[in-house]
Amino acid sequence: MGDDPGRLYRLDGVAHIAGVINDEWFHELLGVLPPENLVQKFAINCTWFQETFGECPDGADEETVKRFARAYIMMLLGTQLFADKSGNRIHIKWLPYVARLEEMGGYS
Numbered sequence: 003m004g005d006d007p008g009r010l011y012r013l014d015g016v017a018h019i020a021g022v023i024n025d026e027w028f029h030e031l032l033g034v035l036p037p038e039n040l041v042q043k044f045a046i047n048c049t050w051f052q053e054t055f056g057e058c059p060d061g062a063d064e065e066t067v068k069r070f071a072r073a074y075i076m077m078l079l080g081t082q083l084f085a086d087k088s089g090n091r092i093h094i095k096w097l098p099y100v101a102r103l104e105e106m107g108g109y110s
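Using the numbering used here, the first residue of the sequence shown is number 3, and each one after it goes up by one.
Take a look at the structure:
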């Protein structure tokens, strides 16, 4: 186990991170990385999310649809349900909760 901050742990079937979410995992789940200048204190500029994931392309494959769904759910969590004081950033802490879309129905 150790104190590896990049290590992913599982708790009751829900992923959570001990440390930081690395770029590789973010890219795998959303397909893109935000520009470094739009990331502040583990949060990403909301405008980037809207511009990047505002509309799923017609004829998108299943993986693309899943990526857009993850981003949309993160936007809802980060701006509507649990918004921070800035009102214009989405915290990356929501990424583990959208990692497995097929299991989201079991969250309370």
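Idealized CB from N, CA, C, for every residue including glycine.
In this text the structure is predicted, and so the values were computed from the model without any measurement.
Run of the alpha helix (DSSP H) containing residue i, from where it starts to where it stops
{"i": "Ala73", "result": "Glu64 to Leu78"}
{"i": "Cys48", "result": "Cys48 to Phe55"}
{"i": "Tyr99", "result": "Leu97 to Val100"}
Straight-line Cα distance separating residue j from residue i
{"i": "Glu38", "j": "Glu57", "result": "23 Å"}
{"i": "Leu103", "j": "Ile94", "result": "16 Å"}
{"i": "Ile19", "j": "Pro98", "result": "Note on Ile19: pLDDT 45, under 50, position unreliable in the model; the coordinate value appears next. For Ile19 and Pro98, the distance between alpha carbons rounds to 7 Å."}
{"i": "Asp86", "j": "Gly61", "result": "34 Å"}
Buried/exposed call for residue i, threshold 16 Cβ in 10 Å
{"i": "Phe44", "result": "exposed"}
{"i": "Val100", "result": "buried"}
{"i": "Phe55", "result": "buried"}
{"i": "Leu32", "result": "buried"}
DSSP three-state assignment for residue i, whether helix, strand or coil
{"i": "Val34", "result": "coil"}
Residue span of the beta strand (DSSP E) that contains residue i, given as start and end
{"i": "Ile92", "result": "Arg91 to His93"}
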